[in-house]
Each structure stands twice: as C-alpha cells, then as structure tokens.
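Take the sequence shown: its position 220, counting from 1, is numbered 485 in our numbering, and each next residue is one higher. A short worksheet on the structure shown next.
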Amino acid sequence: MTAPDQSKIFDLAVEVLKENDQGGYTIPTKGLYPFQWNWDSCLTALGQSHFDEARAWTEIETLFEHQWPDGMVPHIVFHVHSDGYFPGPDVWATERPVATSGITQPAVAGFAVRRLFERARDKEMAARRARALLPKIDAWHRWFYANRDPKGEGLVAILHPWEAGRDNSIDWDEAFERVPTEGVEPYTRRDTQHADPAHRPTKEQYDRYLWLVQHFRGLDWDNAKLHDASPFQVVDPGFNAILIRACADLADLAETLKEPQIAADNRARASAGLAAMQSLWSAPHGQYLCKDRITGALIDSASIGGILPVFAAIPPDNAHAIARTIEKQGKAVKFIVPSQDPADPRFEAKRYWRGPVWLVTNYMIMDGLRSVEENGVSDRIVQSSLDLITQSGFAEYYDPLTGEPCGGGRFTWTAAMVLEFLQLAKR
Ligand code: GLC
C-alpha cells in the first residue's frame with residue numbers, strides 16, 4: 266500500500282488535534298462546533314494515544330464526568346459559553362451542573378477504551394483508568410436497553426436524528442414527516458454562517474430537529490417518558506452495531522480486569538443485539554436497513570447505517586455481502602465509502618450525510634472488514650482515506666465523486682482517524 270509522505274501527514278494531524286485541544290477536552294473544529302461532542306471525543310482519544318497516552322484517557326474521562334445520574338452520556342457538553350452554535354444550553358435547558366444537551370450519540374466509548382487499553386505502553390496507568398471507566402460505560406449501556414428498548418427487542422431506537430450522528434441522513438426522511446413543525450420558537454441558525462448552506466441540512470429539517478428538542482424539554486428530559494412520547498423512533502443498524510461492539514469489547518475488558526458481572530451483562534446485551542439485528546437484513550440491498558419502530562416497517566434507504574454493522578460480529582456471510590456492496594458502490598464513485606448508495610436517486614454528493622465520505626465511518630467499516638479478512642476492500646478504504654487527506658486536507662467530510670473538502674476545516678476526528686490509518690498503512 267502506498268502512503269504519501271507519512272511523517273509529514275502525521276505531524277500535520279497532530280497539529281490539528283493540539284490546536285483544537287481545550288485542556289481536558291477537544292472541540293471538533295473551531296467556529297462550527299465549539300464544545301465537546303460525545304463520539305467525536307471517544308474517537309479522538311484513539312488519535313491522541315499515538316502521541317500522548319495520558320491525554321487520550323483524559324478525553325474520555327472528561328466526557329464521563331458529565332454522565333447523567335440515570336446513566337445517559339449526553340451528545341454535547343457545553344463546557345464554556347459560546348454564541349457560535351445553535352441550539353445552545355438555554356434551548357436544551359437540561360439543568361445539569363455543567364450544561365449538556367439532552368440526547369445521546371453512538372456508544373463508541375466501550376470500543377475506544379478497550380483499544381486504548383490494549384495498545385497502552387503504560388499498562389499500570391491503563392488498568393487503573395480503564396477500571397474506573399468500566400462501571401460508567403456499563404451504566405450507559407444499561408441505560409440504552411432500559412430506556413430505548415422498553416419492550417426488550419434487543420435493539421435500541423434513536424429518538425432524534427442527531428443521536429445517530431448522521432444528522433440529515435435519507436434514512437430519517439419518511440419518519441421525520443411525522444414530526445410537526447408548528448410551534449417551533451423563532452431561531453437563528455449558526456451552522457450556515459460557518460459552512461455552505463447548500464451542504465447543510467434544510468430549514469424544514471431544522472424546524473423538526475427543534476420541535477423534538479422542545480417536545481422532550483416539555484417532558485423535563487425524563488428518559489422514562491421520552492421513548493413512548495416521541496413521534497420519531499428509528500432502529501438504526503449502524504447505531505446498534507456500534508453499541509453491540511462496545512458491549513462485546515467492554516465484556517472482554519471486564520474479564521481481563523476481573524469484573525465478572527459487568528462482563529456477563531455486556532456479553533448478554535451483545536448476543537441479544539446480534540440475534541435481533543438479523544431482522545434488519547435486506548438481501549436485495551446487500552446490507553442492513555433502518556426500521557421505523559412506529560410503523561414496524563423497514564425503511565427503503567441504502568445508507569452507510571446499514572453498512573456499519575460489519576463493525577459488530579454479524580454472521581460472516583452478511584459481512585462478505587456488505588463487502589461486495591461496497592465494491593459495487595466503488596465503481597460509481599472515486600472515493601469510498603459514500604454515506605448513501607450513489608445509485609439512490611436521493612444521493613447528494615456534497616450534502617453532509619446524504620452522500621459524502623466521512624473518515625470515522627470509514628474507520629469502523631475498515632476495522633470490521635479486516636476481522637473477516639476482506640483485505641482487498643479494507644485496504645481500499647485505507648487508501649481512499651489517505652488519498653482524500655493528501656488531496657484535500659483535514660476536512661469534516663468529502664465529496665465521493667471529486668474528493669472535494671466539505672463542511673468545517675481542520676477537523677479533529679478526521680485528523681485522529683488519519684493517525685489510525687497511517688498506522689495501518691505501515692504494515
Ligand atoms: C455533526 C455530525 C455529528 C458530529 C458533530 C460534531 O453534527 O453529524 O456526527 O458528532 O457534527 O462533529
């Protein structure tokens with residue numbers, strides 16, 4: 266595999282991570298996202314571990330300092346005041362000691378902590394810090410299944426598109442129709458002042474994002490009530506796969522650290538999730554699909570959410586089928602893996618999660634494919650990712666047809682993933 270001037274790219278990536286470091290936490294990028302984001306931080310810690318192991322642990326510890334008493338880990342922690350982002354703390358009004366949002370994000374922490382632990386050079390420090398995080402991550406996983414899977418189906422629902430981390434995916438369009446727009450308080454968006462409006466979610470989508478926030482706020486953010494009260498309940502295979510992988514990784518880590526109860530509980534969550542996941546498989550699409558929990562129907566949208574399950578231990582036949590699907594998509598685009606099937610007429614090459622390539626999803630897909638020895642496709646993902654960096658720098662995301670950089674620049678999790686990919690390209 267050819268990797269372009271690796272040491273130079275390594276140094277540039279470290280520079281981005283350091284520049285966005287605020288002390289105990291890292292912002293995704295200046296301007297657009299001035300606070301701490303949940304899954305950004307966990308993936309960022311992996312990047313930091315290549316040059317400062319202690320700092321990497323701190324990134325995740327800081328996030329968990331803001332875990333709610335019920336176990337939820339919020340999607341944003343508003344550590345400091347900033348006018349640059351909307352909706353800010355007064356819109357969420359969650360009344361936490363340090364302001365946070367009231368929804369969550371993909372549960373990547375269990376995976377990240379296990380990986381930090383395994384690669385640690387300072388084993389004593391890693392054991393101590395992983396041990397302290399174990400019960401907190403376990404409480405978050407318990408929270409998910411208690412509050413987002415109230416009927417015990419084995420799969421959790423997201424109640425807001427922002428929870429999936431794929432804000433404006435085509436997956437949500439149909440179910441989102443059910444979310445009203447009446448009664449949304451007047452607001453001014455900030456994102457469109459930092460990035461091209463043609464690449465961002467639409468005004469109508471924003472109204473619905475805010476309607477849901479107001480609705481949940483009206484229920485005092487009581488997680489025992491939110492699931493059933495939400496007109497938007499979607500079972501996202503990618504979101505579940507990340508949680509399942511995190512449960513399995515936490516179980517392994519707990520065994521190593523001699524915490525048998527945490528190990529057994531998380532093992533059980535992972536196996537129930539994997540069994541239930543099969544109901545989301547679509548043979549015609551060669552991937553998994555989202556399910557609308559309100560109607561019970563699968564959602565006909567071939568997005569990256571249904572490719573991401575390779576990150577969990579799904580049946581190898583399904584993983585190989587997904588590899589073939591990616592290869593097929595790779596004939597239509599120059600850079601893989603697009604966030605929507607380019608053959609879908611709704612595909613938009615530059616609009617956020619409706620087509621562009623993101624390095625974080627590339628990383629998780631690549632990791633899953635390697636474990637079933639799909640080395641051809643996984644090597645191509647590494648190559649595509651490094652080519653994008655060489656061509657277009659550390660952007661938030663990229664046009665899969667041209668490689669053009671989109672969204673925010675000097676982006677933290679992109680830089681973190683580059684450090685991971687460089688490591689793999691060396692082999
Ligand atoms: C956007 C992304 C989300 C990410 C956040 C901060 O909202 O869709 O996944 O966590 O930006 O980078």
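Don't be surprised by glycine CBs; every beta carbon is placed ideally from N, CA and C.
Problem - Local conformation of Y350 per DSSP, three classes - result: Residue state, collapsed to three classes: coil.
Exercise for the section: Measure the beta-carbon distance from W405 to A372 and round it to whole angstroms, keeping in mind my assumption that it falls under 8 angstroms. Expected result: The pair is a contact, with the Cβ atoms about 6 angstroms apart (cut-off 8 angstroms).
Exercise for the section: Check whether the region 638-651 touches the region 423-439, counting contact only when three or more Cβ pairs, one atom from each stretch, lie closer than 8 angstroms. Expected result: No: the two stretches stay apart, fewer than three of their Cβ pairs being nearer than 8 angstroms.
Problem - P339 in three-state terms, based on DSSP - result: P339 falls in the coil class under three-state DSSP.
Problem - Alpha-carbon to alpha-carbon, G288 and V637 - result: Taking the straight line from one Cα to the other gives about 39 angstroms.
Practice task
Let me know if M390 comes out buried or exposed under the rule of 16 or more other beta-carbons within 10 Å of its beta-carbon.
Solution key: The residue in question, M390, is exposed, as its Cβ has fewer than 16 Cβ neighbours within 10 Å.
Exercise for the section: Mark D501 as exposed unless 16 or more other C-beta atoms lie within 10 angstroms of its C-beta, in which case mark it buried. Expected result: Buried.
Exercise for the section: Answer yes or no: the CB of W437 versus the heavy atoms of the ligand GLC, is any distance below 7 angstroms? Expected result: W437 Cβ: outside cutoff for every heavy atom of the ligand GLC.
Handout entry: T626 to L573 span [Cα, whole Å]
Key = Distance between the alpha carbons of T626 and L573 is about 7 angstroms.
Exercise for the section: Measure the alpha-carbon distance for G503 versus D461 and round it to whole angstroms. Expected result: Taking the straight line joining both Cα atoms gives about 27 angstroms.
Handout entry: Alpha carbon of Q605 to alpha carbon of E524, nearest angstrom
Key = Spanning the two alpha carbons is a distance of roughly 40 angstroms.
Handout entry: the region 305-313 touching the region 277-286, judged by at least three CB pairs closer than 8 angstroms
Key = Yes: at least three Cβ pairs fall under 8 angstroms.
Handout entry: At least three beta-carbon pairs within less than 8 angstroms, the region 589-599 to the region 531-547
Key = Contact between the region 589-599 and the region 531-547 is absent, because fewer than three Cβ pairs lie under 8 angstroms.
Handout entry: Whole runs of the alpha helix (DSSP H) within the region 580-642, excluding any shorter than 4 residues
Key = Complete alpha helix (DSSP H) runs here, min 4: 581-597, 624-636.
Handout entry: Exposed unless 16 or more other CB atoms sit within 10 angstroms - verdict on D582
Key = That one is exposed.
Practice task
Quickly, what does DSSP pair Q552 with across the bridge? List them, please.
Solution key: Q552 is bridged to S547.
Practice task
Determine the burial state of H331: buried for a count of at least 16 other Cβ atoms within 10 Å of its Cβ, exposed for fewer.
Solution key: By the 10 Å Cβ count, H331 comes out buried.
Exercise for the section: Check whether the Cβ of D305 lies closer than 7 angstroms to any heavy atom of the ligand GLC, and answer yes or no. Expected result: D305: yes, Cβ under 7 angstroms from the ligand GLC.
Problem - Where the alpha helix (DSSP H) containing P525 begins and where it ends - result: In this chain, the alpha helix (DSSP H) harbouring P525 covers 525-542.
Practice task
Please indicate yes or no: does the CB of D432 lie closer than 7 angstroms to some heavy atom of the ligand GLC?
Solution key: The beta carbon of D432 sits closer than 7 angstroms to at least one heavy atom of the ligand GLC.
Handout entry: C-alpha distance - M266 paired with D632, whole-angstrom precision
Key = For M266, the pLDDT reaches just 46, beneath the cut-off of 50, and the residue's location in the model is therefore unreliable, leaving the point undetermined.
Exercise for the section: Alpha carbon to alpha carbon, how far is P352 from R675? Give it in angstroms, no decimals. Expected result: Rounded to whole angstroms, R675 to P352 spans 23 angstroms at the Cα level.
Practice task
Give me the Cβ distance between L297 and D432, rounded to the nearest whole Å; I'm assuming they're in contact under 8 angstroms.
Solution key: Not confirmed; about 12 angstroms, so no contact.
Handout entry: Residues bridged to P670 (per DSSP)
Key = The bridge partners DSSP lists for P670 are Y663.
Exercise for the section: Select from V356, Y452, A463 the residue whose C-alpha is nearest the C-alpha of E613. Expected result: Closest by alpha carbon: A463.
Handout entry: Stretch pair the region 524-540 + the region 585-593: three plus CB contacts closer than 8 angstroms
Key = Three or more Cβ pairs closer than 8 angstroms define a contact, and the region 524-540 falls short of that threshold against the region 585-593.
Problem - beta-carbon P293 near the ligand GLC non-hydrogen atom, thresh 7 angstroms - result: Relative to the ligand GLC, the nearest heavy atom lies less than 7 angstroms away from the CB of P293.
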